[in-house]
Amino acid sequence: MKISNLEKQMGDFHLHIREMNLEDGLVHGLVGSNGCGKTTLSKLITGILTPDGGTIDYEGLTFRDITMTSQKPYLLHDTVYQNLIYPLKIRGIRPDEEEADQWLSRCGLLDKKKQYARSLSSGEQQKLSFIRALIFKPKLVIVDETLSNLDPDSTELFEQLILEQQRKRPITWITISHQLVHIKKICDRVHFLERGEQLAEGTPEEILLRPSHPAIRNFLSKTEVSFRGD
Amino acid sequence: MKQLFSQFFGTVGVLDSIRVTLIMSFWSTLIASVLGIFLGLLLERKDFPGKRLTVRINRTLMGAPPVVIGLLAYMLLRKKGPFGSLRWVFTIKGMVFAQVLIITPIVCGMVYSYAVRTAPAIRAFARTMGADRTQTGRLLIREMKNEIYFAVVSGYGRSISEVGAVFLVGGNIKNNTRTMTTAISTLKGAGDYYEGIFLGVVLMIMAFAVQTLADYFRKEETGDENF
Chain A
1 MKISNLEKQM
11 GDFHLHIREM
21 NLEDGLVHGL
31 VGSNGCGKTT
41 LSKLITGILT
51 PDGGTIDYEG
61 LTFRDITMTS
71 QKPYLLHDTV
81 YQNLIYPLKI
91 RGIRPDEEEA
101 DQWLSRCGLL
111 DKKKQYARSL
121 SSGEQQKLSF
131 IRALIFKPKL
141 VIVDETLSNL
151 DPDSTELFEQ
161 LILEQQRKRP
171 ITWITISHQL
181 VHIKKICDRV
191 HFLERGEQLA
201 EGTPEEILLR
211 PSHPAIRNFL
221 SKTEVSFRGD
Chain B
1001 MKQLFSQFFG
1011 TVGVLDSIRV
1021 TLIMSFWSTL
1031 IASVLGIFLG
1041 LLLERKDFPG
1051 KRLTVRINRT
1061 LMGAPPVVIG
1071 LLAYMLLRKK
1081 GPFGSLRWVF
1091 TIKGMVFAQV
1101 LIITPIVCGM
1111 VYSYAVRTAP
1121 AIRAFARTMG
1131 ADRTQTGRLL
1141 IREMKNEIYF
1151 AVVSGYGRSI
1161 SEVGAVFLVG
1171 GNIKNNTRTM
1181 TTAISTLKGA
1191 GDYYEGIFLG
1201 VVLMIMAFAV
1211 QTLADYFRKE
1221 ETGDENF
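One line per chain: the protein sequences are A and B, in this order.
Residue numbering for the first sequence follows this note's numbering, beginning at 1 and increasing consecutively.
Residue numbering for the second sequence follows this note's numbering, beginning at 1001 and increasing consecutively.
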């Protein structure tokens, strides 16, 4: 996927991505301080927002191939199971209950299958939203701070699921996270945003361990003191 | 007893007033709900010059005195009015027309207020799931069904309790356009308080039955607490 001169004005904030390449089948990490435009960019890619200018070349992908999960996911007024199979239903795919159970079991939600989804804890809701995004086999998944506020075991589970998926059937991921350890562990490419612009793009080592841009060094020095020693 | 029964039901046409009330409230609530839900969702979705003014006018109409709306409906429907050819004055159709004018802004305003808070999130979710326009519209209705139902029940409540507009447009004609509320008013005028209270109790039972139905549809959504 290629992004060129993408612009969006949101109040006082202006997003302007001159050039961004999101190579197919890789895990991309979007990094930057709060309000730098990560979520706005994600919403533009999914089509939730319409750009003011510029282009996104999806290279054959349609909106049906793209999905996104967020820190506060939207859950239907329905059971856990019905939430999980919703993307299948709207695609006219008959849900395979055994497969759905496997996904639920993996996240420790099998015994809550018939429970009202909104009665789950926030961590469980994030897990449900994550597997719901994967069940219909999308080609691009955007994970917008879904790992925030999760316990270490759950974060590890998410990382395992992403890496497993990449081994089985590589898809494109865009993950937004302030957990730089997680970004370093799972991402192939890192894109650093600052005030609505992409300042740098490279491997996690290039961006997070040997940052050339002073703004990135400044960001890293403030965000995770222990990160470099990891 | 028989004499008392026939005197009571015969004097003000109690059974007919119940029949007229049921017909009128059913059709006015149905038409106003369809219009109100559609307009409420449309108002939330579309941005246009004067939108804030439109919302303010709608909110004003939500609290407009029914007798004023009734007068307006009468002016529109009377023989020399723009809709005079319909011959709806002093008919149930005319009363439904007046009630639709009263209830539509209520349903529209309630649906709009809720949609403003929730529809953007539902629409964004639908987009990330790959839903098309029809599926998104269906999802919006499904996810907002409780609030929509509440708006409809409120509209129905207004319909069965309203006196002024149906009096003006319907004319309170015995066995024809007399509703339970206008019958109560007539009974009070005649000093028959007990019969008036009886009709009032029937009205309350009708409202209770609708509310019970609403609770029945909502029962699956218990245990909404987060832990």
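Glycine residues also receive a C-beta, built at the ideal position from the N, C-alpha and C atoms.
Just so you know, these numbers come straight off a predicted model, no measurement behind them.
Under 8 Å, Cβ to Cβ, is there at least one residue of chain B near residue i?
i, result
"residue 169 (chain A)", "no"
"residue 214 (chain A)", "no"
"residue 47 (chain A)", "yes"
"residue 192 (chain A)", "no"
"residue 210 (chain A)", "no"
"residue 68 (chain A)", "yes"
"residue 217 (chain A)", "no"
"residue 13 (chain A)", "no"
Between which two residues does the beta strand (DSSP E) carrying residue i extend?
i, result
"residue 68 (chain A)", "66-70"
"residue 144 (chain A)", "140-144"
"residue 1080 (chain B)", "No beta strand (DSSP E) contains residue 1080 (chain B), which DSSP labels as neither H nor E."
Which partner residues of residue i appear in the DSSP bridge assignment?
i, result
"residue 200 (chain A)", "A:192"
"residue 28 (chain A)", "A:174, A:189"
"residue 161 (chain A)", "According to DSSP, which records beta bridges pairwise, residue 161 (chain A) is partnered with nothing at all."
"residue 2 (chain A)", "A:21, A:57"
"residue 1206 (chain B)", "Paired residue(s): none; residue 1206 (chain B) is not in a bridge."
Output yes if chain A places a C-beta closer than 8 Å to the C-beta of residue i; else output no.
i, result
"residue 1110 (chain B)", "no"
"residue 1226 (chain B)", "With a pLDDT of 39 at residue 1226 (chain B), under the threshold of 50, the modelled position of that residue is not reliable, and the figure given next carries that caveat. Closer than 8 Å to some Cβ of chain A, the Cβ of residue 1226 (chain B) qualifies, so yes."
"residue 1125 (chain B)", "yes"
"residue 1095 (chain B)", "no"
"residue 1211 (chain B)", "no"
"residue 1131 (chain B)", "yes"
"residue 1121 (chain B)", "yes"
"residue 1135 (chain B)", "yes"
Just reading off the alpha helix (DSSP H) that residue i is part of, what are its end residues?
i, result
"residue 1144 (chain B)", "Counting along the chain, residue 1144 (chain B) falls outside any alpha helix (DSSP H), and DSSP gives it neither H nor E."
"residue 1180 (chain B)", "1180-1189"
"residue 1024 (chain B)", "1014-1045"
"residue 18 (chain A)", "First-last for residue 18 (chain A): 13-21, but that is the beta strand (DSSP E), not the alpha helix (DSSP H)."
"residue 48 (chain A)", "Per DSSP, residue 48 (chain A) belongs to no alpha helix (DSSP H) and is neither H nor E."
"residue 222 (chain A)", "214-223"
"residue 1051 (chain B)", "1051-1062"
"residue 123 (chain A)", "122-134"
"residue 1128 (chain B)", "1092-1129"
Mind reading off the beta-carbon distance from residue i to residue j? Whole number of angstroms is fine, and I expect it under 8 Å.
i, j, result
"residue 107 (chain A)", "residue 157 (chain A)", "7 Å"
"residue 159 (chain A)", "residue 32 (chain A)", "So it is not a contact: roughly 21 Å between Cβ atoms."
"residue 51 (chain A)", "residue 19 (chain A)", "No, residue 51 (chain A) and residue 19 (chain A) are not in contact; Cβ-Cβ is about 15 Å, not under 8 Å."
"residue 136 (chain A)", "residue 91 (chain A)", "6 Å"
"residue 202 (chain A)", "residue 13 (chain A)", "Contact doesn't hold; Cβ gap of about 25 Å is too wide."
Near residue i, what residues of its chain come up, given a Cβ to Cβ distance below 7 Å and the 5 sequence neighbours on each side ignored?
i, result
"residue 1081 (chain B)", "1075"
"residue 1224 (chain B)", "No answer about residue 1224 (chain B) holds up, because its pLDDT of 46 lies below 50 and its placement is not dependable."
"residue 26 (chain A)", "172, 188, 189"
Leaving out five residues before and five after residue i in sequence, what residues of the same chain have Cβ atoms less than 6 Å from its Cβ?
i, result
"residue 1099 (chain B)", "1028, 1159"
"residue 143 (chain A)", "69, 175"
"residue 1094 (chain B)", "1077, 1088, 1169"
"residue 170 (chain A)", "25"
Could you tell me whether any non-hydrogen atom of the ligand NAD is closer than 7 Å to the CB of residue i?
i, result
"residue 1059 (chain B)", "Only the bare structure without any ligand can be found here, which leaves the ligand NAD out of the picture."
Can you give me the Cβ contacts of residue i inside the same chain, cut-off strictly under 8 Å, excluding the 5 residues immediately before and after it?
i, result
"residue 1017 (chain B)", "1178, 1179, 1180, 1182, 1183, 1199"
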